[in-house]
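Asker: Using my numbering, read the sequence shown as starting at 2 and increasing by one per residue.
Beta carbons are placed, not taken as given, at the ideal position from N, Cα and C, and that holds for glycine.
Computed from a predicted structure; not experimentally measured.
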Amino acid sequence: MNRYPLWKNLLIGLVLLWGLIYTLPNFYGEVPAVQVSSAKATFKLDPAAATDRVAGVLKEAGIDNAGIFSDATSVRARFANTDLQLRAKDAIERALNPNAQDPSYVVALNLLSASPAWLTAIHALPMYLGLDLRGGVHFLLQVDMPGALTKRLDATTGDLRTLMRDKNVRHAGITREGNTVVVRFRDADQREAARRAIQSSTADLQLADRDDTADDLKLVATLTAQAQKTMRDFAIKQNISTLHNRINELGVAEPVIQQQGADRIVVQLPGVQDVAKAKDILGRTATLEVRMVDDTPGLLEQALTGNVPFGTELFKERGGAPLLLKKQVVLTGDRLTDAQPGFDGQTNEPAVHLTLDAAGARIFRDITRESIGKRMAILLIEKGKGEVVTAPVIRSEIGGGRVQISGRMTTTEANDVALLLRAGSLAAPMEIIEERTVGPSLGAENIAKGFHSTLWGFVAIAIFMSAYYMLFGLVSSIALAANLLLLVALLSLLQATLTLPGIAAMALTLGMAIDANVLINERIREELRNGATPQAAISAGYDRAFDTILDSNITTLIAGIALLVFGSGPVRGFAVVHCLGILTSMFSAILVSRMMINFLYGRRRKVESLAIGQIWKPGNN
Numbered sequence: 002m003n004r005y006p007l008w009k010n011l012l013i014g015l016v017l018l019w020g021l022i023y024t025l026p027n028f029y030g031e032v033p034a035v036q037v038s039s040a041k042a043t044f045k046l047d048p049a050a051a052t053d054r055v056a057g058v059l060k061e062a063g064i065d066n067a068g069i070f071s072d073a074t075s076v077r078a079r080f081a082n083t084d085l086q087l088r089a090k091d092a093i094e095r096a097l098n099p100n101a102q103d104p105s106y107v108v109a110l111n112l113l114s115a116s117p118a119w120l121t122a123i124h125a126l127p128m129y130l131g132l133d134l135r136g137g138v139h140f141l142l143q144v145d146m147p148g149a150l151t152k153r154l155d156a157t158t159g160d161l162r163t164l165m166r167d168k169n170v171r172h173a174g175i176t177r178e179g180n181t182v183v184v185r186f187r188d189a190d191q192r193e194a195a196r197r198a199i200q201s202s203t204a205d206l207q208l209a210d211r212d213d214t215a216d217d218l219k220l221v222a223t224l225t226a227q228a229q230k231t232m233r234d235f236a237i238k239q240n241i242s243t244l245h246n247r248i249n250e251l252g253v254a255e256p257v258i259q260q261q262g263a264d265r266i267v268v269q270l271p272g273v274q275d276v277a278k279a280k281d282i283l284g285r286t287a288t289l290e291v292r293m294v295d296d297t298p299g300l301l302e303q304a305l306t307g308n309v310p311f312g313t314e315l316f317k318e319r320g321g322a323p324l325l326l327k328k329q330v331v332l333t334g335d336r337l338t339d340a341q342p343g344f345d346g347q348t349n350e351p352a353v354h355l356t357l358d359a360a361g362a363r364i365f366r367d368i369t370r371e372s373i374g375k376r377m378a379i380l381l382i383e384k385g386k387g388e389v390v391t392a393p394v395i396r397s398e399i400g401g402g403r404v405q406i407s408g409r410m411t412t413t414e415a416n417d418v419a420l421l422l423r424a425g426s427l428a429a430p431m432e433i434i435e436e437r438t439v440g441p442s443l444g445a446e447n448i449a450k451g452f453h454s455t456l457w458g459f460v461a462i463a464i465f466m467s468a469y470y471m472l473f474g475l476v477s478s479i480a481l482a483a484n485l486l487l488l489v490a491l492l493s494l495l496q497a498t499l500t501l502p503g504i505a506a507m508a509l510t511l512g513m514a515i516d517a518n519v520l521i522n523e524r525i526r527e528e529l530r531n532g533a534t535p536q537a538a539i540s541a542g543y544d545r546a547f548d549t550i551l552d553s554n555i556t557t558l559i560a561g562i563a564l565l566v567f568g569s570g571p572v573r574g575f576a577v578v579h580c581l582g583i584l585t586s587m588f589s590a591i592l593v594s595r596m597m598i599n600f601l602y603g604r605r606r607k608v609e610s611l612a613i614g615q616i617w618k619p620g621n622n
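1. Please state the DSSP three-state secondary structure of V32.
2. Taking DSSP's pairing of strands, which residues face H354 in a bridge?
3. In chain order, which alpha helix (DSSP H) runs of at least 4 residues are fully inside the stretch 197 to 250?
4. Comparing C-alpha positions only, which one of R545, V390, R376 and D367 sits nearest to G402?
5. Within its chain, find whatever has a CB closer than 7 Å to the CB of N82; leave out the 5 residues flanking it on each side and keep chain order.
6. Nearest CA to the CA of T348: which residue from Q405, T333, L584 and K607?
7. Starting from P271, follow its DSSP beta bridges and name the residues at the other end.
8. Any chance the stretch 150 to 162 sits against the stretch 47 to 63, with 3 or more Cβ pairs inside 8 Å?
9. When the Cβ atoms of the stretch 389 to 401 are set against those of the stretch 353 to 369, are three or more pairs found closer than 8 Å?
10. From the DSSP secondary-structure annotation, give me the bridge partner or partners of V182.
11. Look up I13 in the DSSP assignment and say whether it is helix, strand or coil.
12. Over the uninterrupted alpha helix (DSSP H) stretch that includes Q259, give me the two end residues.
13. Just the C-alpha distance for G512 and T121, rounded to the nearest angstrom, thanks.
14. Flag this pair as yes or no: are the beta carbons of V294 and A378 separated by less than 8 Å?
15. Tell me the DSSP secondary structure of E609 in three-state form.
16. I'd like the span of the alpha helix (DSSP H) that includes Y543, first residue to last.
17. Among the candidates V519, T510 and S202, whose CA atom is the shortest distance from the CA of S467?
18. Can you tell me where the beta strand (DSSP E) holding N111 begins and where it ends?
19. Pull up the distance between the alpha-carbon of H453 and that of N447, whole angstroms please.
20. Rounded to whole angstroms, what's the CA-CA distance from L611 to Y470? Just pull it up for me.
21. DSSP has T455 in a bridge; who is on the other side?
22. Could you check if E94 is buried or exposed, using at least 16 other CB atoms within 10 Å of its CB as the buried criterion?
23. Please report the straight-line C-alpha distance between D296 and F365, rounded to a whole angstrom.
24. Do three or more CB pairs link the stretch 196 to 203 to the stretch 232 to 243 at distances below 8 Å?
25. Taking 8 Å as the cut-off, does the stretch 537 to 555 touch the stretch 567 to 580 (at least 3 CB pairs, one atom from each stretch)?
26. Kindly list the residues whose CB is nearer than 6 Å to the CB of N622, restricted to its own chain and excluding five residues on each side of it in sequence; keep chain order.
27. Answer with buried or exposed for T391, where buried requires no fewer than 16 other C-beta atoms within 10 angstroms of its C-beta.
28. My understanding is that Q143 touches R77, with C-beta atoms under 8 Å, so please give their C-beta distance in whole angstroms.
29. I believe V268 touches L301 by the beta-carbon criterion, under 8 Å. Please report the beta-carbon distance rounded to the nearest angstrom.
30. Please report the straight-line C-alpha distance between T534 and Y602, rounded to a whole angstrom.
31. What is the C-beta distance between Y106 and N98, in whole angstroms, given that I count them as a contact (C-beta under 8 Å)?
32. Just to confirm before moving on: does the CB-CB distance between A525 and M597 stay below 8 Å?
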């Protein structure tokens with residue numbers, strides 16, 4: 002009656018063993034580390050070579066390390082203490098970046114898990130810790146929306162010039178004046194023709210006539226309210242996307258980058274100790290430009306001697322070869338809507354397929370029609386320094402806004418170039434208006450307080466349950482420990498971010514999880530009072546309490562899902578732990594506790610009584 006089949010006992014045992022293994026990494030803590038990654042979007046780090054180089058630098062400097070690890074984008078070295086960490090950072094920085102003004106690598110302080118290699122090999126990783134537990138930096142960035150508006154109006158000015166040329170509309174000049182674009186005419190008919198052309202090409206502009214004199218007729222264009230709102234939303238989204246790409250270089254686990262209000266962005270970087278390096282990364286955003294290559298014979302040799310011809314600039318290609326480019330910018334990254342890796346349809350070579358917006362497509366069509374046989378360079382400019390990503394030869398006029406870059410690229414390089422082009426530039430300038438640092442010691446203190454609150458809460462529950470329900474109470478307490486074990490393991494497996502609200506949810510889960518065992522124990526007592534045999538009371542107690550437990554947990558789960566769907570920030574963190582805790586409590590309270598009770602009583606043919614505390618029968622005084 003009270004026996005599980007062997008397969009069910011084995012399954013429950015395997016689940017508990019899995020929970021123990023995936024919980025273990027959280028007890029090893031973190032150790033100081035130094036991370037090395039690429040400082041340039043156009044420079045790809047070779048993990049094997051970088052690992053050997055870092056190991057050589059540390060050996061030469063006489064600095065012991067606790068292991069060097071690498072992945073596709075970075076190399077990380079662990080150290081026993083912060084003194085060794087700081088010494089190692091200085092040594093690696095000097096060796097890898099001899100020119101501090103133009104660094105090739107980002108050398109940043111970080112924290113790494115101290116888990117053994119065998120746990121890491123089976124992907125048993127610790128939970129991510131939030132800023133309040135791990136320490137790190139918090140930035141509040143103000144997006145310069147007036148600057149974004151100015152940038153949009155400057156682009157609109159160029160678009161209107163192209164449109165007037167395409168429609169053969171004569172004008173006396175197009176300029177940006179404040180938050181408006183002014184088109185001047187000497188003829189009212191031409192102004193009317195311009196109005197019709199603009200209205201047919203875009204709905205984002207409001208047009209108004211302004212006549213200063215009889216010979217100075219003006220058409221004043223301003224962005225509509227909807228267009229300005231769309232522009233602001235786009236600026237925030239593009240800036241957040243670009244920040245994600247940059248912060249990845251710091252190797253931050255679960256960074257928080259989200260919009261706050263209409264024009265602000267919150268950036269939280271748990272585990273980052275080097276605030277100056279983090280600020281440098283946030284400010285190091287790239288700008289894309291398309292320029293024509295000046296292949297005039299003899300000019301490149303002249304430029305290499307230091308005499309750069311007027312109207313040109315000297316740059317380097319990705320391989321290091323010099324290239325002379327014209328200063329005039331044909332296109333910027335603002336005109337690029339997408340970039341995807343692929344293959345050339347004719348040669349089947351790796352290629353990058355670009356998609357331009359309507360204005361960019363017109364500009365690109367015109368410039369390619371006029372420049373067949375010439376080279377066009379795509380530059381990535383970071384911190385005022387440009388590097389040529391690729392410089393293909395224009396084979397034919399390219400219209401329709403679909404552009405292909407190919408030639409001398411591997412599949413990996415095509416993926417990298419597409420990623421660079423998609424990253425684009427900031428849609429609007431930003432400045433840091435608030436900066437807050439949470440030290441590792443404060444984070445450790447928060448972890449200690451959260452751990453102690455959960456521990457003492459568990460101890461208090463275990464003492465009460467054992468005193469009130471005796472052996473059944475002790476079993477309930479062990480099942481509660483299994484619940485906590487499975488919850489931590491599940492959070493670790495999902496690589497969830499644990500914050501102080503998450504620890505509060507764990508403590509709350511303990512109190513709620515024991516409720517299921519209270520229902521079961523009281524139901525068993527009721528069956529005994531009604532005259533049932535001990536074996537029958539155990540069976541009926543678990544079976545008949547199940548519906549009540551299920552109903553109560555479903556209603557609580559609904560509230561948790563509502564918090565998860567409609568909440569944000571710390572509320573969502575609380576809701577995640579809360580919902581997972583409900584699921585693990587169902588398993589531990591019903592299956593784990595029943596398995597242990599079965600082992601204690603299920604194999605005994607005759608049971609005289611149950612150690613479940615005092616059973617008060619009706620009529621007793």
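Answerer: Quick look at the numbers:
1. strand
2. Q341 and Q405
3. 226 to 248
4. D367
5. P33
6. Q405
7. G137
8. no
9. yes
10. R177 and A222
11. helix
12. Note, Q259: premise wrong, no alpha helix (DSSP H); beta strand (DSSP E) at V257 to Q261.
13. 33 Å
14. yes
15. coil
16. P535 to F567
17. V519
18. Y106 to S114
19. 10 Å
20. 10 Å
21. In the DSSP output, where bridge partners are listed per residue, T455 has none listed.
22. buried
23. 20 Å
24. no
25. no
26. The predicted model places N622 with a pLDDT of 44, which falls under 50 and marks its position as unreliable, so this point remains unresolved.
27. buried
28. So it is not a contact: roughly 33 Å between Cβ atoms.
29. With a Cβ gap of about 42 Å, V268 and L301 do not count as contacting.
30. 12 Å
31. 6 Å
32. According to the sequence shown, residue 525 is Ile rather than Ala. No.
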